[in-house]
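Working notes, structure below.
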Amino acid sequence: MRRIFIDTGAYIALVDRRDQYHDVARRRAASLVGQRLHICTTAYIFAETATWMTRKLGHATAVEFGNSVRRQQARGQLDLILPSGELEEAAWQIFTHFSDQAFSYVDCTSFAWLKSQRDVQAFTFDHHFRWMGFSLFEDES
Numbered sequence: 008m009r010r011i012f013i014d015t016g017a018y019i020a021l022v023d024r025r026d027q028y029h030d031v032a033r034r035r036a037a038s039l040v041g042q043r044l045h046i047c048t049t050a051y052i053f054a055e056t057a058t059w060m061t062r063k064l065g066h067a068t069a070v071e072f073g074n075s076v077r078r079q080q081a082r083g084q085l086d087l088i089l090p091s092g093e094l095e096e097a098a099w100q101i102f103t104h105f106s107d108q109a110f111s112y113v114d115c116t117s118f119a120w121l122k123s124q125r126d127v128q129a130f131t132f133d134h135h136f137r138w139m140g141f142s143l144f145e146d147e148s
């Protein structure tokens, strides 16, 4: 089964028609329809996305996003990763080690989790994921 890790920027691009990556994100998401796949994201990405949506697109949009994630989770289609102490420590090591990069702590948590996994593609528009060497989910046409 294919596993896709969704980053904040991908969630935002899917919802916000004004986002520069909106059309690309929609096309990529459409290419997944009918595939056997499992979606993964972290609780930090969920929080960051819901907060951004509340501020930029309104509370109703954030609630709609949250309900969608919760439905996917209830159906077993999405893992909402709650960072463990071990994951937090690995994220902190990345955050402190790469002082020359503009990594957010949320990104460092994502990087730490992705480093612990195999065969996961990141659905993101953040170049830091490629810079860190992760496999990205991109157009396959």
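Counting along the sequence shown from 1, when you hit position 118 you're at 125 in our numbering, and nothing is skipped either side.
Note that CB positions come from ideal geometry on N, CA and C, so glycine has one too.
Note that the coordinates shown come from a computational prediction; the quantities given were computed from them, not determined experimentally.
- Scanning the region 44-98 from its first residue to its last, the whole alpha helix (DSSP H) runs of 4-plus residues come out as 50-63, 66-81.
- For the pair Thr-116 and Ala-17, the CB atoms are not nearer than the 8 Å cut-off.
- Contact between the region 80-98 and the region 42-49 is established, with three or more Cβ pairs separated by less than 8 Å.
- Between Leu-121 and Ala-129, the C-beta gap is smaller than 8 Å, which places the two residues in contact.
- According to the DSSP secondary-structure assignment, Ile-13 is paired through a beta bridge with Phe-130.
- Under a 10 Å Cβ-count criterion, Met-139 is classified as buried, with 16 or more other Cβ atoms of the shown protein chains found around its own Cβ.
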